[in-house]
Structures are given as structure tokens and as C-alpha cells.
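Everything in the sequence shown is counted per the working numbering, starting at -6 for the first residue and increasing by one.
Glycine included, C-beta positions come from ideal geometry on N, C-alpha and C.
Notes to accompany the following structure.
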Amino acid sequence: MKSRILVRGALGVAAALALAVSAPAEAQLFRAYLSTSGNDANPCTLPQPCRLLPAALAAVASGGEIWLLDSANYNTVTVQLTKSVTILAVPGSVGSVVASNGPAIRIATAGVDVTLRNLVMVPLPGAGGTNGIEVTAGSGVAVDGCLIANMPDSGIRATGDISVRVSGTSIRNSGVYGIYLSSGPRATVTGSALSGNAIGIYVLASAASSTTTAEIADTTIDANTTGVTVHAFDAAGVAMASVHQSRLVRNGYGAYAYSNAGGQASLAIADSLVTGNDHGIHATLPGASAWLSGSMVSHNGYGLYSNGALFESAGNNAVRRNTTNTQGTIIQVAPM
């Protein structure tokens, strides 16, 4: 009898030890919190918030949320997002993520889905910042209600097969690109503003057989060197942009499609205002095409410009009072 009790006791101890070894030291949070009064030694809960994003990312579960509770900067180095997460600043606060020695935020992990809401991304002066958001792998990134300003390279830079959704966001004064899309991204840009960038939105097919697309709606694109550029750099590549109910104003080129390798660079504009640009809508070289319907093109240097490209204009456009209304072959077609 005594031996049976000893055996049962030993088995119970062994089971308890196995559970202790297999259990995580601390369950990850669905919602983690950051505050100026926080400390990274805290558990990142609301009563005991952490201070910087890396600590919150370590504490939060995949698919969880990180809340920035007050106005402050929340990183000291590039924020590496290796899990699906939503990062948001509470309304009324300035949740800042700075670019220093690289991008402010980098997403380079396959399968992750990231949402960024109500954040401010700027470069730390003199610290070698490059991009606001840099994406080279992942499932998707959504940028909602953010400000991305003064980046030396790009506000958002995405490469490869990934979904990019930008809404209610202002991207301004980027040294090169407001939004850069290359070799596979599928992007939607709605209710946003891109101003003062070298190129507002750049849609590039640079890899063989890649298709890069951008759907742009209810967006103001102003005072850029080029507003929207669609560029087929590879002979088998496809780059496409559609612009709807938007404003292309005071740019060097309002919208520009070109193919320098025989690939497909397709631009479609409908129900939009194109005004105050040096070139309103420009398509150049075989492989490039532009389609315009229901839009006003006025007070530009050149309204519609075609140089060896396919340029079709529906009969429902108002192309008037440009220095030169049309240049090159513009094919008039009936709206379908």
C-alpha cells in the first residue's frame, strides 16, 4: 500500500513539473499600452504601461493592439514589425515614430498583417532616416489617418506581392517618393493628400512578369514634381493606376505613363480635376496608354500629351483653356 502511494506521489510531481516547463512564463497581451510615464520593465498593461514600442511588441500577442496613450516619441531605432499587429495613437495625441538610421517602421516578415492608425512619422534631424514605412514582405499593411512628412526617401515604400491600403493620410515633402510601389504591390489610396514630394505616387513594374496596381480615389495630389507616375521598366511587367474623383493640381506632371522596355504602363482617369500643372496628363512610348473620361483638364501648360503612346479621350471631358490643349495623337472615343 505504501509503495502505491509513493508511486502516485511521484507521478503527480512529474506531471506538475511537465506543466511548469511547457507553460509560458507570461501570457502575451491582446492589448498593450505605452505612455510617457511608462517603463519598459513594466508588463505593458493599462495600469503599468511600457515606454517604447519594442517592449510593447514583445508583450503583445500576434493579432493584438498597441495603444499610444499620450503625445510623445515611441522609438529610438527602426521599429521591426515581425508579427501581425495594430499600432494606434489615441485621438488627440501625437503618437510619433521617428526615422533614424533607416526607416521609422520596417515590415519584412512573410504573412504579417499590420495596421497603423493616427501616427506621425518624421525623420530625426541629421540621424540618417530614410523612409516612413518600408515593406519588403508581408500580407498587408493599412495606413489610416497618419501623417508622414519630410522623409529623405519615401513616405511609404513597398516592394513585392503585398496589399497596401492608405486612407485619410497626408504624405508630404518626401525627398523622392510619397508612395513607392514596385514589383507586385496592390494599393488603394483613398481620402488622402500627397503634396510637395518629388513623385507623389510611383507605380513601377520592374521585375519580370510582375503586376503593380494602384487605385486612387477622393485624393488630392498637389505641388509634386510628378503627381502619379506609372512606369513599365520590364518588358513583361504591368503597371496600372486608376484615378477617380481626385484632384491633380500644381504638379510638374499631373499624371505620367511611360514604358521604356515595352511593358504595359496603363493610366485611367475619371471624374477628376487636372489643373495648374505644366503637363496635365502625359503618356509616352509604345506600351504606355492613357484613358480619360468625365474629367476637367484646364489651365495647364499642356492639357493632354501623347508621344508614341495610346491616348484615348472620351467625348465627355472638358479640355479647355490650357496653353496647348492637346499634343500628339489623342483618339476621341465614345464613353461606354
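{"Asked": "Where do the ends of the beta strand (DSSP E) carrying P47 lie?", "Found": "Here P47 belongs to no beta strand (DSSP E); instead the alpha helix (DSSP H) covers 46 to 52."}
{"Asked": "In the DSSP assignment, find the unbroken beta strand (DSSP E) run with G308 in it and report its ends.", "Found": "Here G308 belongs to no beta strand (DSSP E), and DSSP marks it neither H nor E."}
{"Asked": "Can you tell which of S167, R179, G131 has the C-alpha that lies nearest to the C-alpha of A234?", "Found": "R179"}
{"Asked": "Go ahead and label V14 buried or exposed: buried means 16 or more other beta carbons lie within 10 angstroms of its beta carbon, across all protein chains shown.", "Found": "Confidence at V14 is low in this model, with a pLDDT of 37, below 50, so the placement of that residue should be treated as unreliable; the coordinate-derived value is given next. The residue in question, V14, is exposed, as its Cβ has fewer than 16 Cβ neighbours within 10 Å."}
{"Asked": "When you compare only the Cα positions, how much space is there between L266 and S199?", "Found": "29 Å"}
{"Asked": "Where does V290 sit, in a helix, a strand or coil, going by DSSP?", "Found": "strand"}
{"Asked": "Would DSSP call V14 helix, strand or coil?", "Found": "Low per-residue confidence applies at V14: pLDDT is 37, beneath 50, and the placement is therefore not dependable, though the value from the model is reported in the following sentence. If DSSP states are grouped into helix, strand and coil, V14 belongs with the helices."}
{"Asked": "I need the DSSP call for D215, collapsed to helix, strand or coil.", "Found": "strand"}
{"Asked": "Any beta carbon of chain C sitting closer than 8 Å to that of S252?", "Found": "Absent here is chain C; the protein component of the structure consists of one chain."}
{"Asked": "Find the nearest neighbour of L81 within the set N94, S93, T71, Y67, judged by alpha-carbon distance.", "Found": "Y67"}
{"Asked": "Please state if the CB of D154 and the CB of G125 are separated by a distance shorter than 8 Å.", "Found": "no"}
{"Asked": "Given a cut-off of 8 Å, decide if A142 and N111 are closer than it, judged by their beta-carbon atoms.", "Found": "no"}
{"Asked": "From N217, S175, A201, A229, pick the residue whose C-alpha is nearest to that of A207; which is it?", "Found": "S175"}
{"Asked": "Output the distance between the C-alpha atoms of A311 and R24, rounded to the nearest integer angstrom.", "Found": "52 Å"}
{"Asked": "Relative to the C-alpha of I192, which candidate in Y246, L140, G230, D227 has its C-alpha closest?", "Found": "Y246"}
{"Asked": "Could you please give the first and the last residue of the uninterrupted beta strand (DSSP E) stretch that includes Y295?", "Found": "295 to 300"}
{"Asked": "Which residue wins for smallest C-alpha separation from G171, given the options V182, T183, I149?", "Found": "I149"}
{"Asked": "From the DSSP output, which residues share a beta bridge with L22?", "Found": "V53"}
{"Asked": "Helix, strand or coil: how does DSSP classify N35 here?", "Found": "coil"}
{"Asked": "For D63, tell me which candidate among A52, G31, D215, T75 has the shortest Cα-Cα distance.", "Found": "G31"}
{"Asked": "List the endpoints of the continuous beta strand (DSSP E) containing Y67.", "Found": "First-last for Y67: undefined, no H or E at that position."}
{"Asked": "Which residues does DSSP pair with I323 in a beta bridge?", "Found": "In the DSSP output, where bridge partners are listed per residue, I323 has none listed."}
{"Asked": "Going straight from the alpha carbon of Q41 to that of H237, what length do you get?", "Found": "47 Å"}
{"Asked": "Grab me the residues of N94's own chain with a C-beta within less than 8 Å of its C-beta, minus the 5 sequence neighbours each way, in chain order.", "Found": "V70, T71, A120, G121, G122"}
{"Asked": "Quick check: the Cα distance between G189 and W60, rounded to an integer number of angstroms?", "Found": "30 Å"}
{"Asked": "Let's test the definition: count the other Cβ atoms within 10 Å of the Cβ of S306 and tell me whether it reaches 16, buried, or not, exposed.", "Found": "buried"}
{"Asked": "Between which two residues does the beta strand (DSSP E) holding Q257 run?", "Found": "257 to 263"}
{"Asked": "With distances taken from CA atoms, which of R44, Y249, S185 is nearest G220?", "Found": "Y249"}
{"Asked": "Using three-state DSSP, classify S176 as helix, strand or coil.", "Found": "coil"}
{"Asked": "So, is G56 buried or exposed, given that buried needs 16 or more other C-beta atoms within 10 angstroms?", "Found": "exposed"}
{"Asked": "Looking only at DSSP bridge pairs, what is Q73 linked to?", "Found": "R99"}
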